[in-house]
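There are 2 protein chains.
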Amino acid sequence: MILQFLRLFLIWNEIFDIFVMNFNFYKNMLKAERHKYIMTKLIEDQKVVTTDLALALDLSEDTIRRDLNELDSKKLLEKVYGGAVQVKEKSSNVFDIAIAAEEQKKQIVTKALSLLHDDQVIIMSGGSTNLVFAKLIPADLKATIYTYSLPIAMQLSQHPNIDLIFIGGKMQKNAMVTIGMDVIQVVSKIKADICFIGASSISVKQGLTEVGYEISIVKKAMIEASDRVVSMFSSDKLNTKMPHSVCDLKQLDTIVTELDPEDERLDEYRKSGVFIL
Amino acid sequence: MILQFLRLFLIWNEIFDIFVMNFNFYKNMLKAERHKYIMTKLIEDQKVVTTDLALALDLSEDTIRRDLNELDSKKLLEKVYGGAVQVKEKSSNVFDIAIAAEEQKKQIVTKALSLLHDDQVIIMSGGSTNLVFAKLIPADLKATIYTYSLPIAMQLSQHPNIDLIFIGGKMQKNAMVTIGMDVIQVVSKIKADICFIGASSISVKQGLTEVGYEISIVKKAMIEASDRVVSMFSSDKLNTKMPHSVCDLKQLDTIVTELDPEDERLDEYRKSGVFIL
DNA sequence: TTAATTATTGCATATAAATGCATTTTTGCG
DNA sequence: CGCAAAAATGCATTTATATGCAATAATTAA
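Below, the structure is given as structure tokens:
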């Protein structure tokens, strides 16, 4: 009899505890704790509702709203009518590649489209100018293109008639190109009709030069592998130089800029025998 | 007697809960959530119909129309007579990769993050689930990752601590992955700790199967090269098969779906010894 | 410790937003 | 042209929010 009573008491006690816990557990919470609770809840449920929080924390909706406003102004969540939702991550889309002066580059590469013919084997280096070029390759061109640039491969993979071969290797992250011995080995085995090389810097005396050593030797290999070498760049690259040599001016067959081929800024280059488009 | 009554009450309560859940699940949705739902639906189905949404969300068509107008004015969709369609992306940007049911995939791959450790050598196949996985790899993870998927490489090239190696070869255009002997050769020389394989189809009897022959042999090589084989996919891939076999269920170490590991739909798989996350 | 100061909280009230309904206008289609 | 479906509009109702104010709690200075 007493035992039964005791058991009943214990059960009742437990129920009471739960009751108290539920209703007063958060009663003496500091604001900071409350904010933490709200943020946790937000992550768990993807959203928080003002009325639910008020109930759960045993506070007025006003207070919750003030909390949410505060957290909103700290950009920790986004307050909406009725509650709050997670801040939408500013997509920071990797795949959005911003191309500086795209219009100028379009102008440059459009001139070079005349160099393309069906059944050519083509090698393309990286660089935003070459990327613009890839975009503008006519849909009916049938050709084989080798590249070691991720964005250019992405672009060309949408082309219906291009056989695309990606040259693998270790990725150089910022430039989104592969580099290293693997690349050299593959490139050196290609027999290409034409290659399109982006240029960091070009000058009459130094020829093509690059910032990075690794890129410079890959480009060397490209030139070796191709019958015809074309480089496209804007005129601000003219008469500049970088640490690592790629090739002499003589080894370039054609250069393409936005300038008129007769422009005097190109005089020196024309004299050295390179064809200017 | 009282006990029986109590039990009855509990059962009734449960049924009532389920009832309420089904019919009011979307009832207390915040506007922001609703908009998110509409946008997800739009991506999944390419379109949304006003009446369907009104029905699905248990709201008047007026409200749905107001939502669609709002989203339209934000340029997030294009309202048309009867509903709304996706905004036609202005320049068919190749680099925008639409991922169907991205939220669900996030849920799946989040579970698999626990399999990652510093200094691992990892191979990743293509597929949108793996792409979502790549997005969520913590910034402080230091590892070496091999992949032959262009989008995944693009994504990982943004990661500060991953050594990324792209496996080159002929591009399979629609899937944006490289295939062929070049890929097999490279993969077969890798000694990886773990590989993450996307799945077209999986069944208890047939194991992993693929639509394309070429992809299937690449995946075979991946499995050979890895100590541990993990496959992540949504439950709709379960109990389906494709023409080309990749491997038996036994060869998989871990599978990850959005389901609870104890879900009965996974019973058969669990029995065959594969670990379910 | 006490008193003054400040911050927090809840309530009342006014304002604004969201939603559904009735009515009119527009649209697509035969 | 006419009809039915869809959309827009105005309005009423509900619900959420902002704001001033008073009560309370926490903090600081003396």
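Going down the list, the sequences are from chains A and B.
Counting from 69, one number per residue, gives the positions in the first sequence under my numbering.
Counting from 69, one number per residue, gives the positions in the second sequence under my numbering.
Ideal Cβ positions, reconstructed from N, Cα and C, are used throughout, including at glycine.
Query: Under 8 Å between C-beta atoms of isoleucine 213 of chain B and isoleucine 235 of chain B; Result: no
Query: Glycine 341 of chain A to lysine 318 of chain A span [Cα, whole Å]; Result: 7 Å
Query: Closer than 8 Å to chain A by CB, phenylalanine 234 of chain B; Result: yes
Query: Proximal residues to asparagine 92 of chain A (C-beta, below 8 Å), its chain only, five neighbours per side dropped; Result: Because asparagine 92 of chain A sits at a pLDDT of 41, beneath the cut-off of 50, its placement in the model cannot be relied upon, and the following sentence gives the value as read from the coordinates. Contacts found: Asp126.
Query: DSSP state of methionine 290 of chain B mapped onto helix, strand, coil; Result: helix
Query: CB contact below 8 Å: valine 297 of chain B versus chain A; Result: no
Query: CB of lysine 339 of chain B within 8 Å of CB of valine 314 of chain B, strictly; Result: no
Query: Residues from the stretch 128-155 of chain A in contact with chain B, defined by Cβ distance under 7 Å; Result: Val148, Tyr149, Gly150, Gly151 and Val153
Query: Burial state of glutamate 278 of chain A (16 or more Cβ within 10 Å); Result: buried
Query: For tyrosine 214 of chain A, the first and last residue of its enclosing alpha helix (DSSP H); Result: Counting along the chain, tyrosine 214 of chain A falls outside any alpha helix (DSSP H), though it belongs to the beta strand (DSSP E) covering 211-215.
Query: Host alpha helix (DSSP H) of glutamate 278 of chain B (start-end); Result: That residue, glutamate 278 of chain B, is in no alpha helix (DSSP H); its beta strand (DSSP E) goes 275-278.
Query: 8 Å Cβ cutoff met for valine 297 of chain B and isoleucine 265 of chain B; Result: yes
Query: Coil, strand or helix - isoleucine 205 of chain B by DSSP; Result: coil
Query: Assigned secondary structure, glutamine 114 of chain B (DSSP; H/G/I helix, E/B strand, else coil); Result: coil
Query: Phenylalanine 201 of chain A vs alanine 180 of chain A beta-carbon contact at 8 Å; Result: yes
Query: Local conformation of phenylalanine 77 of chain A per DSSP, three classes; Result: Residue placement at phenylalanine 77 of chain A cannot be trusted, given a pLDDT of 48 that sits under 50; what the coordinates show is reported in the next sentence. Three-state result, phenylalanine 77 of chain A: helix.
Query: Beta-carbon contacts of glutamate 332 of chain A that lie in its chain and below 7 Å, excluding the five residues immediately before and after; Result: none
Query: Three-state class that DSSP yields for isoleucine 247 of chain B in the structure shown; Result: strand
Query: Beta carbon of leucine 145 of chain A nearer than 8 Å to that of threonine 118 of chain A; Result: no
Query: At least three beta-carbon pairs within less than 8 Å, the stretch 269-285 of chain A to the stretch 204-211 of chain A; Result: no
Query: Segment contact, 8 Å Cβ cut-off, at least three pairs: the stretch 256-273 of chain A with the stretch 191-199 of chain A; Result: yes
Query: Chain A within 8 Å of glycine 237 of chain B, Cβ atoms only; Result: yes
Query: Under 9 Å by beta carbon: chain B residues contacting lysine 109 of chain A; Result: Result: empty, since nearest Cβ-Cβ is about 14 Å, beyond 9 Å.
Query: Under the three-state DSSP convention, the category glycine 341 of chain A falls into; Result: coil
Query: Simplified DSSP assignment, three categories, for serine 128 of chain B; Result: coil
Query: Selection from B/Ile291, B/Leu327, B/Tyr337 and B/Gln154 that minimises the alpha carbon distance to threonine 178 of chain B; Result: B/Leu327
Query: Strand pairing of histidine 312 of chain B, partner residues [DSSP]; Result: B/Glu278
Query: Isoleucine 323 of chain B beta carbon less than 8 Å from that of alanine 260 of chain B; Result: no
Query: Alanine 152 of chain B, DSSP secondary structure in three states; Result: strand
Query: Neighbourhood of lysine 173 of chain B by C-beta, 6 Å cutoff - its chain only, sequence neighbours within 5 removed; Result: Thr197 and Val200
Query: Chain-ordered neighbours of leucine 371 of chain A on chain B, where CB pairs are closer than 9 Å; Result: Since the displayed chain A opens at 69 and closes at 345, residue 371 of chain A lies outside it and no answer follows.
Query: Length of the line joining the Cα atoms of methionine 347 of chain A and valine 155 of chain B; Result: Outside the displayed span of chain A (69 to 345) sits residue 347 of chain A, for which this structure offers no information.
Query: Burial state of histidine 227 of chain A, where buried means 16 or more other Cβ atoms lie within 10 Å; Result: buried
Query: Bounding residues of the beta strand (DSSP E) (the contiguous stretch that carries valine 324 of chain A); Result: 322-324
Query: Contact list for serine 225 of chain A against chain B, beta-carbon separation under 7 Å; Result: Leu218, Met239, Lys241 and Met244
Query: Alanine 221 of chain B vs serine 256 of chain B beta-carbon contact at 8 Å; Result: no
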